[in-house]
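Data block below; observations after.
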Amino acid sequence: MQIILLTGFEPFDQDPVNPSWEAVRQLDGVPLGVDAQIVARRLPCAFATAGERLSQLIDELRPAMVIATGLGPGRSDISVERVAININDARIPDNLGEQPIDTAVVAGGPAAYFTTLPIKAMVKAVREAGIAASVSQTAGTFVCNQIFYLLQHALAGSGIRSGFIHVPLLPEQVAGAQRPSMALDTMVAGLQTAVLTAWHTPVDTKEAGGQVS
Numbered sequence: 001m002q003i004i005l006l007t008g009f010e011p012f013d014q015d016p017v018n019p020s021w022e023a024v025r026q027l028d029g030v031p032l033g034v035d036a037q038i039v040a041r042r043l044p045c046a047f048a049t050a051g052e053r054l055s056q057l058i059d060e061l062r063p064a065m066v067i068a069t070g071l072g073p074g075r076s077d078i079s080v081e082r083v084a085i086n087i088n089d090a091r092i093p094d095n096l097g098e099q100p101i102d103t104a105v106v107a108g109g110p111a112a113y114f115t116t117l118p119i120k121a122m123v124k125a126v127r128e129a130g131i132a133a134s135v136s137q138t139a140g141t142f143v144c145n146q147i148f149y150l151l152q153h154a155l156a157g158s159g160i161r162s163g164f165i166h167v168p169l170l171p172e173q174v175a176g177a178q179r180p181s182m183a184l185d186t187m188v189a190g191l192q193t194a195v196l197t198a199w200h201t202p203v204d205t206k207e208a209g210g211q212v213s
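Residue numbers for the sequence shown follow full-length UniProt numbering, beginning at 1 and rising by one.
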């Protein structure tokens, strides 16, 4: 049985929940055909420990594909990330109180890594399921981008496809505020569709997914 490792983050910034983990954990054990299944695991929201935990999981599970997810406050859809950059620039402290500013994720590493997932096909499939989705051109500069970069760095040249998806806040997190959100069941369905499409699509489709600015 082949494993697709799907990760979400623990809560951060004094929030009691993190939608990425709430959604991902509902997909733990879900089969993707007869020969593969999703294994969901939670990562710490801390620069010093998140990458180490991810590395441990990859060594332990030997996944055939890895997709990390995280919360993107302000996002309104399932945002499939295109590129990770080699910079940490934390607007707020992480869960260990660390706030790196203008430091490299990997000293001497490439300026950026592109995802190896079929992101256009994934977005198209999620949209066809009636769920809002888009290709995102930036994963930010917090722990989400760090994990995305470390993931691509670790698996570069391995043939194991990998990438990152941002999800919105939950409706209960934005009660009384004018901020975008997505229901948990919709988020779960969108992620499941994205993962299933990634697993069964060896070559990405040619679809417009860029931005003017």
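Every residue gets a Cβ at the ideal spot worked out from N, C-alpha and C, and that includes glycine.
Since the model is a prediction, treat every value here as computed from it, not as a measurement.
| Query | Result |
| --- | --- |
| Buried or exposed: where does His200 fall if 16 or more other Cβ atoms within 10 Å of its Cβ makes it buried? | exposed |
| Between Phe142 and the rest of its own chain, which residues show a CB-CB distance below 6 Å, the 5 nearest in sequence each way excluded? | Ala90 |
| Val83: which of Pro168, Thr205, Ala48, Gln146 sits nearest, CA to CA? | Gln146 |
| Given a cut-off of 9 Å on the beta-carbon distance, is the pair Pro16 and Val167 in contact? | no |
| So, at 8 Å on beta carbons, what are the nonlocal neighbours of Lys206 in its own chain, with the 5 sequence-adjacent residues on each side left out? | Lys120 |
| Please name the residue or residues paired with Tyr149 in a DSSP beta bridge. | Per DSSP, none; premise fails for Tyr149. |
| Please go through the region 19 to 104 and give each complete beta strand (DSSP E) segment of 3 or more residues, from N-terminal end onward. | 36 to 43, 65 to 71, 78 to 81, 83 to 85, 101 to 103 |
| Between the alpha carbons of Pro100 and Thr49, how many angstroms are there, rounded? | 14 Å |
| Please go through the same chain and pick out, in chain order, the residues whose beta-carbon is closer than 8 Å to the beta-carbon of Val174, but skip the five residues on each side of it. | Pro180, Ser181 |
| Could you tell me if Asp35 is buried or exposed, where buried requires 16 or more neighbouring beta carbons within 10 angstroms of its beta carbon? | exposed |
| On the DSSP letters alone, give me the boundaries of the alpha helix (DSSP H) that Arg127 sits inside. | 119 to 128 |
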